[in-house]
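Following: one structure in structure tokens, then a few remarks.
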Amino acid sequence: MAFNDVNVDLTTAYITANEITLQVPRAVPKNVTNTITVTTPGGTAQTGYRLSIPALTTAGLSNEYAAPGQRVAVVGTNFDIYEVTPAKGKVLWNGAPLTITQSTADSVYFTVPASATPGATVKVVDANGKETAVPGRYKDNRNVLFGYDTNGSVWGSNAFISTGPTPAPVNGPYVRINQSIGAWTWTEFSAHNNIALPSDIVANLANYVLRFEVNTLKPFNTNAIRISIDGDVDAKNTYWWTPTSPVNTRGQWRTMTIPLSSFIKDPAALNKPMHEVHLVFIGDGVLDADISFDTFRVVPKD
Numbered sequence: 000m001a002f003n004d005v006n007v008d009l010t011t012a013y014i015t016a017n018e019i020t021l022q023v024p025r026a027v028p029k030n031v032t033n034t035i036t037v038t039t040p041g042g043t044a045q046t047g048y049r050l051s052i053p054a055l056t057t058a059g060l061s062n063e064y065a066a067p068g069q070r071v072a073v074v075g076t077n078f079d080i081y082e083v084t085p086a087k088g089k090v091l092w093n094g095a096p097l098t099i100t101q102s103t104a105d106s107v108y109f110t111v112p113a114s115a116t117p118g119a120t121v122k123v124v125d126a127n128g129k130e131t132a133v134p135g136r137y138k139d140n141r142n143v144l145f146g147y148d149t150n151g152s153v154w155g156s157n158a159f160i161s162t163g164p165t166p167a168p169v170n171g172p173y174v175r176i177n178q179s180i181g182a183w184t185w186t187e188f189s190a191h192n193n194i195a196l197p198s199d200i201v202a203n204l205a206n207y208v209l210r211f212e213v214n215t216l217k218p219f220n221t222n223a224i225r226i227s228i229d230g231d232v233d234a235k236n237t238y239w240w241t242p243t244s245p246v247n248t249r250g251q252w253r254t255m256t257i258p259l260s261s262f263i264k265d266p267a268a269l270n271k272p273m274h275e276v277h278l279v280f281i282g283d284g285v286l287d288a289d290i291s292f293d294t295f296r297v298v299p300k301d
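So the sequence shown is numbered by numbering that gives the first Met the number 0: it starts at 0 and just counts up by one.
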């Protein structure tokens, strides 16, 4: 039995004289005929059937700031269907092929090359040779809001800034909030009003995202983080990160992406030369926090 030209494993199917119950194969046909074919010793029967094939998607790198030699993953969906595997797929790093070390339905793992430099782009290649770009750039340092190497954290101070060793730095100094945070207790960990951003954001807000690296040594499972860009840290131009399920990176640095259009509802407020940004814990629930952040940046979607 086959869907298009993809054979079905009938060992797990339930078959009666009038019906076959089976799982549709997770594979992309090379020859799309929009048919189901059943072959038995008595002959072959065929009928029309249009199979909806989900697209391969890529969301980004698991850690855009992974060091050369470290293992990193392209995160997305349906890598198994398109056979982005060690045997049949590959990763392109600035156009140069890299070996896939492991793959699952939602992750493709490889090693960051020793020659990696900031700004590199990544693509995945499936079994049919089709290339799919991965959003983001390696160690993207454009339009950094807070990097913690210079200009401090809260109004130029060194509050919360750490250089390690726990967790190990991902890109130099970072902020680590390692304390109990009470319900509705204002705990600001970064703020400044002298931040430059490209003027194109106002006209083309949908083309930009906020990215940063996060590392949790304890789950972020209550309270809330508010990220405000030329807003009021309440509603206007403010992203509320309230965990609906525990956020736990288990001591690993992970890259997070937030579309600016999801919370900048008054882009005209950004129509000025310098910008004010606040990062603050304030929300319901007592949080036993041990969470670190680095390299908040506003970058094109790419």
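Ideal Cβ placement from N, Cα and C applies to all residues, glycine included.
Exercise for the section: Could you tell me if G59 is buried or exposed, where buried requires 16 or more neighbouring beta carbons within 10 angstroms of its beta carbon? Expected result: Indexing the sequence shown from 1 puts residue 59 at position 60. Buried.
Exercise for the section: Can you give me the start and stop residues for the alpha helix (DSSP H) that V201 sits inside? Expected result: Within the sequence shown, residue 201 is the residue found at index 202, counting from 1. That run of the alpha helix (DSSP H) goes 199–202.
Exercise for the section: Please confirm if the stretch 154–161 is in contact with the stretch 194–202, defined as three or more CB-CB distances below 8 Å between the two stretches. Expected result: no
Exercise for the section: Please confirm whether H274 and N192 have their CB atoms less than 9 Å apart. Expected result: By one-based count along the sequence shown, residue 274 stands at place 275. By one-based count along the sequence shown, residue 192 stands at place 193. Cβ distance < 9 Å, so H274 and N192 count as in contact.
Practice task
Look up L259 in the DSSP assignment and give the residues it is bridged to.
Solution key: Within the sequence shown, residue 259 is the residue found at index 260, counting from 1. DSSP, once it has assigned bridges, lists no residue as partnering L259.
Problem - Limits of the unbroken beta strand (DSSP E) element including P96 - result: Mapped onto the sequence shown, residue 96 falls at position 97. Unbroken beta strand (DSSP E) run through P96: 95–97.
Exercise for the section: Assign P28 to one of three DSSP states: helix, strand, or coil. Expected result: Indexing the sequence shown from 1 puts residue 28 at position 29. In this structure, P28 counts as coil in the three-state DSSP scheme.
Exercise for the section: Would you grab the beta carbon distance between L55 and V297 for me? Rounded to a whole angstrom, and I think it's under 8 Å. Expected result: On the sequence shown, position 56 is the one that residue 55 refers to. On the sequence shown, position 298 is the one that residue 297 refers to. That belief does not hold up - the Cβ atoms of L55 and V297 are roughly 27 Å apart, past 8 Å.
Practice task
Give me the Cβ distance between D289 and N170, rounded to the nearest whole Å; I'm assuming they're in contact under 8 Å.
Solution key: By one-based count along the sequence shown, residue 289 stands at place 290. By one-based count along the sequence shown, residue 170 stands at place 171. That belief does not hold up - the Cβ atoms of D289 and N170 are roughly 19 Å apart, past 8 Å.
Problem - Residue range of the unbroken beta strand (DSSP E) whose run includes P299 - result: To locate residue 299, count along the sequence shown from 1; it is residue 300. Element bounds for P299: 286–299.
Problem - Spatial distance of V208 from M255 (CA atoms) - result: Taking the sequence shown and counting its residues from 1, one reaches residue 208 at position 209. Taking the sequence shown and counting its residues from 1, one reaches residue 255 at position 256. So the two alpha carbons sit approximately 10 Å from each other.
Practice task
Tell whether a beta-carbon distance below 9 Å holds between F109 and V90.
Solution key: Numbered from its first residue, the sequence shown carries residue 109 at position 110. Numbered from its first residue, the sequence shown carries residue 90 at position 91. Going by C-beta atoms, F109 is nearer than 9 Å to V90.
Problem - Spatially closest choice to D79 from A95, A72, S102, W92, by CA coordinates - result: Taking the sequence shown and counting its residues from 1, one reaches residue 79 at position 80. The shortest Cα separation from D79 among A95, A72, S102, W92 belongs to S102.
Practice task
Could you say which of M0, Y48, P245 lies nearest to T11 if we only look at CA atoms?
Solution key: Position 12 of the sequence shown holds residue 11. The shortest Cα separation from T11 among M0, Y48, P245 belongs to M0.
Exercise for the section: List the whole-angstrom C-beta distance separating N270 from V201, where the pair is believed to meet the contact cut-off of C-beta under 8 Å. Expected result: Stepping through the sequence shown from its first residue, residue 270 is reached at position 271. Stepping through the sequence shown from its first residue, residue 201 is reached at position 202. The pair is a contact, with the Cβ atoms about 5 Å apart (cut-off 8 Å).
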